[in-house]
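Undergrad: Here's a structure for you.
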Amino acid sequence: MSRSILTPLALAVSTLLAGCSLMPAYERPAAPVPAQFDGAAADAGAQTGAVPVADIGWRAVFTDPKLQQVIELALDNNRDLRVAALNIDQAWAQYRVQRADLAPGVDLGGSGNGSRTPGDLSGTGQPLVAHSYSATLGISAYELDLFGRVRSLKEQALQQFLSTTEAQRSTHISLVAQVATAYLTLAADQDLLRLAQDTLTSQSESYRLQQRSFDLGAASALTLRQAQTTVESARVDVERYTAQVAQDRNALRLLAGTEVPSELLPIALPDSASADANVLAGIPAGLPSELLQRRPDILEAERTLQAANANIGAARAAFYPSISLTASAGSASAGLSGLFKGGSGSWSFAPSISLPIFDGGRNRANLDVAKVQRDIDVANYEKAIQTAFREVSDALAERNTLGRQLQAQQALVDASADSYRLSQARFERGVDSYLGALDAQRTLYGAEQTLISTRLSRFTNLVTFYKALGGGWVEMAASADATASTGR
Numbered sequence: 009m010s011r012s013i014l015t016p017l018a019l020a021v022s023t024l025l026a027g028c029s030l031m032p033a034y035e036r037p038a039a040p041v042p043a044q045f046d047g048a049a050a051d052a053g054a055q056t057g058a059v060p061v062a063d064i065g066w067r068a069v070f071t072d073p074k075l076q077q078v079i080e081l082a083l084d085n086n087r088d089l090r091v092a093a094l095n096i097d098q099a100w101a102q103y104r105v106q107r108a109d110l111a112p113g114v115d116l117g118g119s120g121n122g123s124r125t126p127g128d129l130s131g132t133g134q135p136l137v138a139h140s141y142s143a144t145l146g147i148s149a150y151e152l153d154l155f156g157r158v159r160s161l162k163e164q165a166l167q168q169f170l171s172t173t174e175a176q177r178s179t180h181i182s183l184v185a186q187v188a189t190a191y192l193t194l195a196a197d198q199d200l201l202r203l204a205q206d207t208l209t210s211q212s213e214s215y216r217l218q219q220r221s222f223d224l225g226a227a228s229a230l231t232l233r234q235a236q237t238t239v240e241s242a243r244v245d246v247e248r249y250t251a252q253v254a255q256d257r258n259a260l261r262l263l264a265g266t267e268v269p270s271e272l273l274p275i276a277l278p279d280s281a282s283a284d285a286n287v288l289a290g291i292p293a294g295l296p297s298e299l300l301q302r303r304p305d306i307l308e309a310e311r312t313l314q315a316a317n318a319n320i321g322a323a324r325a326a327f328y329p330s331i332s333l334t335a336s337a338g339s340a341s342a343g344l345s346g347l348f349k350g351g352s353g354s355w356s357f358a359p360s361i362s363l364p365i366f367d368g369g370r371n372r373a374n375l376d377v378a379k380v381q382r383d384i385d386v387a388n389y390e391k392a393i394q395t396a397f398r399e400v401s402d403a404l405a406e407r408n409t410l411g412r413q414l415q416a417q418q419a420l421v422d423a424s425a426d427s428y429r430l431s432q433a434r435f436e437r438g439v440d441s442y443l444g445a446l447d448a449q450r451t452l453y454g455a456e457q458t459l460i461s462t463r464l465s466r467f468t469n470l471v472t473f474y475k476a477l478g479g480g481w482v483e484m485a486a487s488a489d490a491t492a493s494t495g496r
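Numbering-wise (my numbering), the sequence shown opens with residue 9 and increments by one.
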């Protein structure tokens, strides 16, 4: 046979043995969102060349030492994060199971058999006793992956493992944000409780003075009852915020997964003037929408999509022949003493091929299922991007106005305080009724409550903005790489 014929034949045989893949080439779907976030250009925090939020570790953002320790407690003890880590271990084990199918399984076996045939059946008239022994080393039903079915299933398992890894990172980021939000909410509710207690104290004193004036006939019953309403209203708020603070502590304890020492609990929200320095470091914007591609939940959706894409390859391979090999080699003898003597060698080789002819449409239906699942995962991936885009856009919209809201609310508190002081002075001089001073006090109290809520909103907006852009990625990526190099 000429060289011109042998060369193509050798290439064909080597290609056949290497196998081919029927898995479709993966292409990332286009992001169904604008290239830039609405309001990004107007964001005062945007800076050219600023470090993207996803590259900033949470310790660089949450700089309060107490808050950092609470977050560390949560990362060590939170049960949701623990389940996410166990899901990674499970997915990795499943991937190893699927990967093992690429190599033949080699088994060592041994057997012995004895039988006795009665003399009237032996043909010699004498009972016949026979023994046989064997020892073999072989492979059983090893599938030659000519059309990539096993490799497609291995790729699917790998992508599912990577998806669970991204899910764990997403849980990590969410947990950090939830702990920070719960910590700040507890601080704000303690401020509200303190305000209610101070109001109760001051209004109780005012009520006591009105009661004395009423006893002396200098104040009417209406004035006395009006003073009493402010006392009881403040008393209700004290009880309400006392319960709220207890609930906030319970929420923080659940997130931490353990008891949070009292010395780590916040006392109050920091002053607005030093808010960023005391609790949250300044967050650069880094606002092209392409940064969403680094969010773990979006990467998780994409890994799931890639797993579905690989499953199509396995479904396609079911239409093609399946070749399996069973082979063994060993030794066989009628007696144990001769089992490993010369001439006792034995072997077997049993290839098999299966070609689907008629299956009632099962393979076609399985392929349709795989394709539809891929389309579903495409839609889920696109929705994940759209959801992330909205979260960032909402955080930006609020971020661009909260500074002005806080300034306006502080001005309202200052004006209300002046109004209350003047109204109280006019009442004490007998110029106005007590109702004017009472209305001014209620306005001031409400304005101070709203100021605390606005300050809390400013803090939680920064937390939400940090989380929405995938903050904390660098620390977790480094941790994941270390885990992969040591444990896998």
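Glycine is no exception: its CB is placed at the ideal position from the N, C-alpha and C atoms.
Skipping 5 residues on each side, what residues in its chain have a beta carbon closer than 8 Å to that of A108?
TA: The residue you call residue 108 lines up with position 100 of the sequence shown. Closer than 8 Å at the Cβ level, and outside the excluded window around A108, lies no residue.
Undergrad: Among V246, S362, N408 and E174, which has the Cα closest to the Cα of D206?
TA: Within the sequence shown, residue 206 is the residue found at index 198, counting from 1. Nearest of V246, S362, N408 and E174 to D206, Cα basis: V246.
Undergrad: What runs of the beta strand (DSSP E), each 3 residues or longer, lie entirely inside the stretch 321–403?
TA: As far as the stretch 321–403 is concerned, its whole beta strand (DSSP E) runs of at least 3 residues are 330–341 and 353–362.
Undergrad: Going by other Cβ atoms of all chains shown within 10 Å of its Cβ, with 16 needed for buried, is K475 buried or exposed?
TA: Position 467 of the sequence shown holds residue 475. Classification of K475: buried, given that the 10 Å Cβ count is 16 or more.
Undergrad: Give the straight-line distance between the Cα atoms of L230 and D447, rounded to the nearest whole angstrom.
TA: As a position in the sequence shown, residue 230 is number 222, starting the count at 1. As a position in the sequence shown, residue 447 is number 439, starting the count at 1. Near 14 Å, if we compare the C-alpha coordinates of D447 and L230.
Undergrad: Who are the Cβ neighbours of L116 in its own chain at under 6 Å, not counting the five residues just before and after it?
TA: Position 108 of the sequence shown, counting from 1, holds the residue named residue 116. Cβ neighbours of L116 beyond the five flanking positions: L145.
Undergrad: Going by alpha carbons, who is nearest to Q77 out of I320, S270 and A326?
TA: Looking up residue 77 in the sequence shown gives position 69. Considering only alpha carbons, the answer is S270.
Undergrad: Can you tell which of P304, T71, L154 and A188 has its C-alpha closest to the C-alpha of A396?
TA: Position 388 of the sequence shown, counted from the start, is the residue given in the question as residue 396. Closest option to A396, Cα to Cα, is P304.
Undergrad: Report the three-state DSSP secondary structure of Y34 (helix, strand or coil).
TA: Taking the sequence shown and counting its residues from 1, one reaches residue 34 at position 26. Y34 falls in the coil class under three-state DSSP.
Undergrad: State the CB to CB distance for the pair I393 and A39, rounded to an integer number of angstroms; the pair is presumed to be in contact (CB under 8 Å).
TA: As a first step, residue 393 must be located in the sequence shown, where it is residue number 385. As a first step, residue 39 must be located in the sequence shown, where it is residue number 31. That pair is a contact at about 5 Å.
Undergrad: Does DSSP put E163 in a helix, a strand or coil?
TA: If you number the sequence shown from 1, residue 163 lands on position 155. E163 falls in the helix class under three-state DSSP.
Undergrad: Over what stretch of residues does the beta strand (DSSP E) that includes L116 continue unbroken?
TA: Position 108 of the sequence shown holds residue 116. Taken as a continuous stretch (DSSP letters only), the beta strand (DSSP E) holding L116 covers V114 to T125.
Undergrad: Please state whether DSSP places A52 in a helix, a strand or coil.
TA: Translated into the one-based positions of the sequence shown, residue 52 becomes position 44. Residue placement at A52 is flagged as unreliable, the pLDDT there being 40, under the threshold of 50; the coordinate-derived value follows with that caveat. Three-state DSSP puts A52 in coil, outside helix and strand.
Undergrad: From which residue to which residue does the alpha helix (DSSP H) around R303 run?
TA: Stepping through the sequence shown from its first residue, residue 303 is reached at position 295. Unbroken run through R303: none, as it is neither H nor E.
Undergrad: For the stretch 81–97 and the stretch 148–159, state whether three or more C-beta atom pairs, one from each stretch, are separated by less than 8 Å.
TA: As far as the Cβ criterion goes, the stretch 81–97 does not touch the stretch 148–159, which means the pair count is below three.
Undergrad: So the alpha helix (DSSP H) A93 belongs to, where does it begin and stop?
TA: Here residue 93 is taken as the residue at index 85 of the sequence shown, counted from 1. First-last of the alpha helix (DSSP H) with A93: R87 to A108.
Undergrad: If you run the structure through DSSP and keep just helix, strand and coil, what is A476?
TA: Counting from 1 along the sequence shown, the entry for residue 476 is found at position 468. Correct three-state label for A476: helix.
Undergrad: Hey, could you find the ends of the alpha helix (DSSP H) Q234 is sitting in?
TA: Walking along the sequence shown from the start, residue 234 turns up at place 226. Q234 -> alpha helix (DSSP H) spans A229 to A264.
Undergrad: With DSSP run on the structure shown, which of helix, strand or coil describes S144?
TA: One-based indexing of the sequence shown puts residue 144 at position 136. It should be noted that the sequence gives Thr, not Ser, for residue 144. Here T144 sits in strand by DSSP.
Undergrad: If I'm right that S339 touches S142 with Cβ under 8 Å, what's the distance once you round it to whole angstroms?
TA: Locating residue 339 in the sequence shown gives position 331, where the first residue counts as 1. Locating residue 142 in the sequence shown gives position 134, where the first residue counts as 1. About 7 Å; that satisfies the 8 Å criterion.
Undergrad: So does the stretch 156–175 actually touch the stretch 449–469, counting three or more Cβ pairs closer than 8 Å?
TA: With a cut-off of 8 Å, the stretch 449–469 and the stretch 156–175 do not count as touching, because too few Cβ pairs lie within range.
Undergrad: Check whether the Cβ atoms of A165 and Q106 sit closer than 7 Å, and answer yes or no.
TA: Here the question's residue 165 lines up with position 157 in the sequence shown. Here the question's residue 106 lines up with position 98 in the sequence shown. Yes; because the gap between Cβ atoms is below 7 Å, this pair is in contact.
Undergrad: Hey, is the stretch 366–385 in contact with the stretch 310–329, meaning 3+ C-beta pairs nearer than 8 Å?
TA: Touching, per the Cβ criterion.
Undergrad: Please state the DSSP three-state secondary structure of A226.
TA: Position 218 of the sequence shown, counted from the start, is the residue given in the question as residue 226. Note: A226 maps to coil in three-state DSSP.
Undergrad: Since I believe V471 is in contact with A185 (beta carbons under 8 Å), could you give me their beta-carbon distance rounded to a whole number of angstroms?
TA: Numbered from its first residue, the sequence shown carries residue 185 at position 177. Numbered from its first residue, the sequence shown carries residue 471 at position 463. The Cβ separation is near 5 Å, so the contact holds.
Undergrad: Apart from the five residues on each side of it in sequence, which residues of its chain come closer than 7 Å, Cβ to Cβ, to D256?
TA: Numbered from 1 along the sequence shown, position 248 holds the residue referred to as residue 256. Around D256: A190, T193, L194 and D197.
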